[in-house]
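According to my numbering, the residues represented by the sequence shown are 1474 to 1714, in order. As structure tokens, the structure follows; a few thoughts come after it.
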Amino acid sequence: MQIYTIAGLIILAAGIHASFQLSVSMLTLMSGHSLGRRAGRARVLRLSMAFTLGVMTMIALSLSWLALVVQNIFVGGIPLIVWNVLSGLMAGLGVVIWAFYYRHGAAGTVLWLPRGFASYISDRARKTRGSNEAFGLGLVSVITEWVFCIAPLALAATLLVQLTPPLQLAGLIAYTLIASLPLLVIMLLIHSGYSLGRIQRWRERNKRFLQFAAGSLLIVLGGYLYTMMVLATTTVVGDAS
């Protein structure tokens, strides 16, 4: 696979990861309650920065760990079965996101989280007052959404191991920054005095679009992988024999 193709797929996978909304919801909830307590914007910014750093740290650790696993298991190259599994995982998860990422609750359309856990997360976000707590909350938000972000992370890890070490590091940094981009933007908007209510209204208006886009991109990506990495390889092997 060409380097530019690998780079494009890593960027696309990171963009899909960025569309997941749990970390964004937790950041806006935490920031909103901090502002509601009349905390200074400098303190709110510190909490937001700590939370975002926690998210970025866990994304980087998750991707690094998956890449290490792939590299140690498939020493002689990525076998065809891995591309089969990845393409199926992408397509299947895309359908799941279409169907289940949001659900209708008493408070309207809410994320997929079980009610008890959602209440716990909301309570922790309300009570967060220190940077260490915010950092830990950022770590937890990524772990909680692993069930969805595992697909783009696994694809990016499989692609990274095919690069040289300097390019692997560049790919890791690029993925982490792109996947965290919504948080970075929201953090900057809050710091610049942008109304948190306007940010929340924008999310409410566009949540279904983001859900549809993430699911659709996963399905398209799964189809691309199956066509280019499975069918094309099978055809070449068949012609050679």
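Positions of the beta carbon are idealized from the N, C-alpha and C atoms, including for glycine.
Item: If Val1517 sits next to Ser1504, beta carbons under 8 Å apart, how far is it from one beta carbon to the other, in whole angstroms?; Value: 6 Å
Item: Would you identify the three-state DSSP class for Ile1489, choosing helix, strand or coil?; Value: helix
Item: Phe1608 to Val1528, Cα distance in whole Å?; Value: 8 Å
Item: Return the Cβ separation of Met1474 and Gln1641 in integer angstroms, given the expectation that the two are a contact with Cβ distance under 8 Å.; Value: With 8 Å as the limit, Met1474 and Gln1641 do not qualify as a contact, their Cβ atoms being about 14 Å apart.
Item: Pick helix, strand or coil for Tyr1575, following the three-state DSSP scheme.; Value: strand
Item: When the Cα atoms are used, what is the spatial distance from Ile1616 to Ser1665?; Value: 29 Å
Item: Identify which residue in Phe1524, Gln1494, Ala1491, Leu1669 has its Cα closest to the Cα of Asn1605.; Value: Phe1524
Item: Compute the Euclidean distance between the alpha carbons of Asn1557 and Val1569, then round it to the nearest angstrom.; Value: 18 Å
Item: Looking at the secondary structure, which residues open and close the alpha helix (DSSP H) in which Gly1666 lies?; Value: Premise fails: Gly1666 is in no alpha helix (DSSP H) and is neither H nor E.
Item: Shortest alpha-carbon distance to Val1613 belongs to which of Leu1562, Ile1551, Ile1532, Gly1565?; Value: Ile1532
Item: Look at the Cβ atom of Leu1485, then the Cβ atom of Leu1694, and state whether they are nearer than 8 Å.; Value: yes
Item: Determine the direct distance from the alpha carbon of Pro1655 to that of Leu1683, and round the result to whole angstroms.; Value: 12 Å
Item: Look up Arg1602 in the DSSP assignment and say whether it is helix, strand or coil.; Value: coil
Item: Where do the N-terminal and C-terminal ends of the alpha helix (DSSP H) with Tyr1648 fall, by residue?; Value: 1638-1652
Item: Just confirm the distance between the C-beta atoms of Leu1698 and Ser1560, as a whole number of angstroms; I'd bet it's less than 8 Å.; Value: 4 Å
Item: Check whether the Cβ atoms of Ala1630 and Val1703 lie closer than 8 Å to each other.; Value: no
Item: Alpha carbon to alpha carbon, how far is Pro1638 from Ile1546? Give it in angstroms, no decimals.; Value: 18 Å
Item: Residues in its own chain within less than 6 Å of Ala1564 by CB, not counting five upstream and five downstream?; Value: Ile1692, Gly1695
Item: Could you give the DSSP three-state label for Glu1618: helix, strand or coil?; Value: coil
Item: Quick one: using the 10 Å Cβ neighbour count with 16 as the cut-off for buried, is Leu1478 buried or exposed?; Value: A quick correction: the sequence has Thr, not Leu, at residue 1478. Burial call: exposed.
Item: Counting only runs that start and end within the segment 1523-1556, where is the beta strand (DSSP E) found for 3 or more residues in a row?; Value: none
Item: Could you check the C-alpha separation between Gly1481 and Arg1519 for me, to the nearest Å?; Value: 33 Å
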